[in-house]
Amino acid sequence: MAGLVSALMILTILLKIGHLFEQLPKAVLAVIIVVNLQGILAQSRDVCVLWKSDRLDLLVWVVSLISTLIFNLDLGLAVAVVFSLLTLIYRTQHSSTVVLGRIPGTECYRDVGLYTE
550 MAGLVSALMI
560 LTILLKIGHL
570 FEQLPKAVLA
580 VIIVVNLQGI
590 LAQSRDVCVL
600 WKSDRLDLLV
610 WVVSLISTLI
620 FNLDLGLAVA
630 VVFSLLTLIY
640 RTQHSSTVVL
650 GRIPGTECYR
660 DVGLYTE
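Residue 550 is where the sequence shown starts when you use our numbering, and the numbers rise one by one after that.
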């Protein structure tokens, strides 16, 4: 919801005072973009966490980053969305299942393969 509000505010500002940005040098506009990319660049610190928690999510992140850098923004995001959907299909087709068993004397259920008690 916050992203939608932010996008609507930016759209309104660009439509109302967009003509003022025409006189700015390209270097100033590039700095505005780089400052806004700081959040994305800060996510590069999370690579180790993603590697440990879910490597497929890390792969989606890397594909979206590289495709956006190689292609333009629109095509890069389209590649990232398609790749993310393919990983979703892969996860649903190769999901893991476990057999749960009740631990005697408790109300807890655990994986029978891990807990042979």
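Just so it is clear, CB atoms sit at the ideal spot from N, CA and C, and this is done for glycine as well. From a predicted model like this one, the values you see are computed outputs, not experimental measurements.
By the three-class DSSP mapping on this structure, what secondary structure does residue i have?
| i | result |
| --- | --- |
| Tyr664 | coil |
| Leu649 | strand |
Taking the CB atoms as reference points, tell me whether residue i and residue j lie closer together than 7 Å.
| i | j | result |
| --- | --- | --- |
| Gly625 | Ser616 | yes |
| Val612 | Thr636 | no |
| Val661 | Gly654 | no |
Give me the Cβ distance between residue i and residue j, rounded to the nearest whole Å; I'm assuming they're in contact under 8 Å.
| i | j | result |
| --- | --- | --- |
| Asp606 | Leu614 | Their Cβ separation, rounded to whole angstroms, is 13 Å, which puts Asp606 and Leu614 out of contact at 8 Å. |
| Val628 | Phe620 | 7 Å |
Task: Residue ranges of each alpha helix (DSSP H) within the segment 601-634, 4 or longer - done: Uninterrupted alpha helix (DSSP H) stretches at least 4 residues long and entirely within the segment 601-634 occur at 604-619, given in chain order.
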